[in-house]
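So the sequence shown is numbered by my numbering: it starts at 4 and just counts up by one. Beta carbons are placed, not taken as given, at the ideal position from N, Cα and C, and that holds for glycine. Working notes, beginning with the structure itself.
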Amino acid sequence: MTMLNFTYEIGAAMRSTLRAATVVLGGVTLLAACGQGVTDDATEPGAGDGVTPGGSSSASGSPDNGPSSSGGPSASSSAGGPGASSGGGSDASSTGGPSASSGGGSDAPSSGGGSDGDPSMVGFAAHNADGLATTTGGAGGEVVTVTSYAELAAAVGDHAPRVVRVSGTIAAPGGVEMLDVGSNKTIIGLGASAQIDGFGFDVNGWTPDLVTAHGVTCDPDKASLFTHVSNVIIRNLTFTNSADDSVNVQCYSHHVWVDHNTFHKSYDGSVDVKRGSDWVTVSWNHFVETDKTMLLGHDDSNGPQDSGRLHVTYHHNWFDHTVQRNPRVRFGEAHVFNNFANELNDYFIGLGTGASVHADGNYVDKVKRTSKGYGGTDLTWTDTNIVGETLHGGVENGQGFDPKAYYSYTPDPAADIPSMVMSQAGAGRLTGME
4 MTMLNFTYEI
14 GAAMRSTLRA
24 ATVVLGGVTL
34 LAACGQGVTD
44 DATEPGAGDG
54 VTPGGSSSAS
64 GSPDNGPSSS
74 GGPSASSSAG
84 GPGASSGGGS
94 DASSTGGPSA
104 SSGGGSDAPS
114 SGGGSDGDPS
124 MVGFAAHNAD
134 GLATTTGGAG
144 GEVVTVTSYA
154 ELAAAVGDHA
164 PRVVRVSGTI
174 AAPGGVEMLD
184 VGSNKTIIGL
194 GASAQIDGFG
204 FDVNGWTPDL
214 VTAHGVTCDP
224 DKASLFTHVS
234 NVIIRNLTFT
244 NSADDSVNVQ
254 CYSHHVWVDH
264 NTFHKSYDGS
274 VDVKRGSDWV
284 TVSWNHFVET
294 DKTMLLGHDD
304 SNGPQDSGRL
314 HVTYHHNWFD
324 HTVQRNPRVR
334 FGEAHVFNNF
344 ANELNDYFIG
354 LGTGASVHAD
364 GNYVDKVKRT
374 SKGYGGTDLT
384 WTDTNIVGET
394 LHGGVENGQG
404 FDPKAYYSYT
414 PDPAADIPSM
424 VMSQAGAGRL
434 TGME
């Protein structure tokens with residue numbers, strides 16, 4: 004096997020226009036490689052995600068009445084959302100649920116959790132920005148257990164701190180595709196049987212009522228009309244038969260942690276992050292035969308809203324016979340480390356306009372291609388990923404962002420990732436939730 008570490012960057016983070024791919028080979032050899040991993044495809048199936056791009060604003064990324072380009076709204080715009088000081092409480096379940104049996108790297112506590120957050124939380128969700136020191140979810144709030152859709156909707160629909168424990172299978176009423184989730188929520192499954200069937204969670208700042216009354220579709224020039232959602236944790240749930248996305252984070256939502264869930268096929272994405280959202284970690288999840296797995300940035304024309312935002316960490320996830328978008332990135336800075344991708348039907352990481360992706364310590368085996376470009380340009384491979392059998396290789400030009408500019412972390416050795424992730428990723432793996 005060939006040991007590789009790869010960092011991708013597509014243009015500058017503030018660029019909002021597509022430019023043709025320029026590829027510089029870096030002398031990297033891949034096992035069984037027979038082609039070039041980055042192509043200049045302009046589109047892919049579902050590339051626009053069926054969503055109209057946001058309205059126009061300045062290229063610097065600060066729409067009038069909207070959040071700042073440093074990452075979205077302040078704490079005051081989250082309808083009273085608490086900062087890190089609202090965390091705490093000795094009950095582990097009230098701080099986002101119990102810890103996993105293994106953290107993300109040998110120094111997981113210093114990698115993002117902090118004294119006010121879960122020590123197993125690593126990456127951008129733990130970054131101090133936009134009025135929040137870290138992501139605490141419903142810490143300090145009431146703890147409720149729900150067994151029906153009506154109970155779940157009532158528990159997550161406001162902005163009061165609350166830990167919502169899901170018991171058994173919750174199915175959506177007819178016609179329901181997405182359930183709006185408010186700020187300061189921890190939604191966590193009890194045991195290995197907690198299931199969300201037929202619908203998904205919408206972590207966003209606008210509702211159908213606003214669309215009807217004002218035509219609001221998360222346009223930057225209408226940002227004052229909706230509340231920016233922040234501080235949400237989703238853990239230990241199995242998503243099945245989602246009628247749209249399983250988890251959708253949009254409309255300047257920030258500080259979201261999606262951890263230890265299992266995602267089966269959905270109509271659209273499993274975990275999509277878009278429309279100016281920021282400071283998200285997606286960790287220890289199991290994606291089973293999903294197609295459009297994870298989208299970061301929904302449209303090439305949405306640079307004014309997305310540039311300078313869309314910071315997401317993806318680590319210790321298992322992409323199990325998935326197809327594409329693991330993730331597929333536009334405009335954002337994505338840190339992809341210690342993931343296991345096996346027998347993918349298409350590509351591992353997709354690179355679109357304005358994207359910057361740093362990937363290290365991943366184990367990628369039996370995929371059609373390690374990367375695929377959609378107007379992408381810059382790609383760097385160094386020395387800590389393992390790439391096994393693949394039909395297409397990678398390219399290099401050495402320009403990628405450094406995640407350590409935001410947080411410290413220590414990746415696990417790539418050789419350990421398959422056994423580690425297969426035994427610990429997904430729902431039903433957390434201790435203390437039996």
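For residue i, which residues does DSSP report across the bridge?
| i | result |
| --- | --- |
| Ile237 | Ile190 and Val261 |
| Phe290 | Phe266 and Phe322 |
| Asn345 | Asp323 and Asp368 |
| His231 | Per DSSP, none; premise fails for His231. |
| Met181 | Gly203 |
| Thr356 | According to DSSP, which records beta bridges pairwise, Thr356 is partnered with nothing at all. |
| Gly376 | Leu354 |
| Arg165 | Glu145 and Lys188 |
| Ala132 | Leu135 |
| Phe334 | Phe334 pairs with nothing; no bridge assigned. |
| Tyr317 | Val285 and Val339 |
Taking only the alpha-carbon atoms, compute the straight-line gap between residue i and residue j and give it to the nearest angstrom.
| i | j | result |
| --- | --- | --- |
| Thr150 | Lys188 | 17 Å |
| Gly208 | Glu392 | 43 Å |
| Cys254 | Leu354 | 22 Å |
| Gly272 | Glu154 | 25 Å |
| Ala142 | Pro164 | 7 Å |
| Trp287 | Tyr377 | 27 Å |
| Cys221 | Glu145 | 30 Å |
| Ala157 | Thr373 | 43 Å |
| Val167 | Ala136 | 22 Å |
| Asn348 | Lys295 | 11 Å |
| Thr316 | Val169 | 25 Å |
| Met436 | Val147 | 14 Å |
| Asn305 | Val360 | 18 Å |
| Ala232 | Val252 | According to the sequence shown, residue 232 is Val rather than Ala. Rounded to the nearest angstrom, the two C-alpha atoms are 9 Å apart. |
| Thr191 | Asp262 | For the record, residue 191 in the displayed sequence is Ile; it is not Thr. Taking the straight line joining both Cα atoms gives about 10 Å. |
| Asp133 | Arg432 | 32 Å |
| Pro421 | Ala358 | 27 Å |
| His162 | Trp282 | 19 Å |
| Leu298 | Arg331 | 5 Å |
| Val367 | Ile352 | 11 Å |
| Asp309 | Gln327 | 22 Å |
| Leu313 | Phe334 | 7 Å |
| Pro307 | Gly403 | 21 Å |
| Lys375 | Ser256 | 28 Å |
| Val274 | His338 | 15 Å |
| His138 | Val184 | Going by the sequence as given, residue 138 is Thr instead of His. Taking the straight line joining both Cα atoms gives about 15 Å. |
| Gly194 | Thr172 | 12 Å |
| Ala362 | Asp247 | 28 Å |
| Lys371 | Asp405 | 27 Å |
| His130 | Glu336 | 13 Å |
| Tyr350 | Val390 | 13 Å |
| Thr387 | Phe204 | 35 Å |
Using C-beta distances below 6 Å, list every residue in its chain close to residue i, excluding the 5 sequence neighbours before and after it, in chain order.
| i | result |
| --- | --- |
| Val322 | This sequence places Phe at residue 322; Val is not what is there. Once the five neighbours on either side are set aside, the close Cβ partners of Phe322 are Phe290, Asn329 and Ala344. |
| Ser269 | Ser245 and Ser249 |
| Glu346 | His324 and Lys369 |
| Val179 | Phe202 |
| Ala174 | Asp200 and Gly201 |
| Met423 | none |
| Ala236 | Before going on, a small fix: residue 236 reads as Ile here, not Ala. Contacts found: Gly99, Gly140, Thr189 and Trp260. |
| Asn264 | Leu240, Asn288 and Ala430 |
| Ser426 | none |
What whole-angstrom Cβ distance do residue i and residue j have, given they're in contact under 8 Å?
| i | j | result |
| --- | --- | --- |
| Ser186 | Asn234 | 5 Å |
| Asn320 | Ala428 | 6 Å |
| Val259 | Ala128 | 6 Å |
| Asn365 | Ala418 | Going by Cβ atoms, the distance from Asn365 to Ala418 rounds to 11 Å, so no, they are not a contact pair. |
| Val159 | Leu182 | 7 Å |
| Lys277 | Gly300 | 6 Å |
| Phe266 | Thr293 | 6 Å |
Leaving out five residues on either side along the sequence, give the residues of the same chain with a beta carbon under 7 Å from the beta carbon of residue i.
| i | result |
| --- | --- |
| His318 | Gly107, Val125, Gly126, Ser286, Phe340, Asn341 and Asn342 |
| Ser59 | Unreliable placement is indicated for Ser59, whose pLDDT of 30 sits below 50; the coordinate value is still reported in the next sentence. Within the same chain, Ser59 has close Cβ partners Pro307. |
| Asp415 | Gly108, Asn341, Gly364 and Met423 |
In chain order, what residues of the same chain have a beta carbon less than 8 Å from the beta carbon of residue i, not counting five sequence neighbours either side?
| i | result |
| --- | --- |
| Gly176 | A quick correction: the sequence has Pro, not Gly, at residue 176. Result list for Pro176: Tyr152, in chain order. |
Is the stretch 406 to 423 close to the stretch 235 to 249, with three or more CB pairs under 8 Å?
-> no
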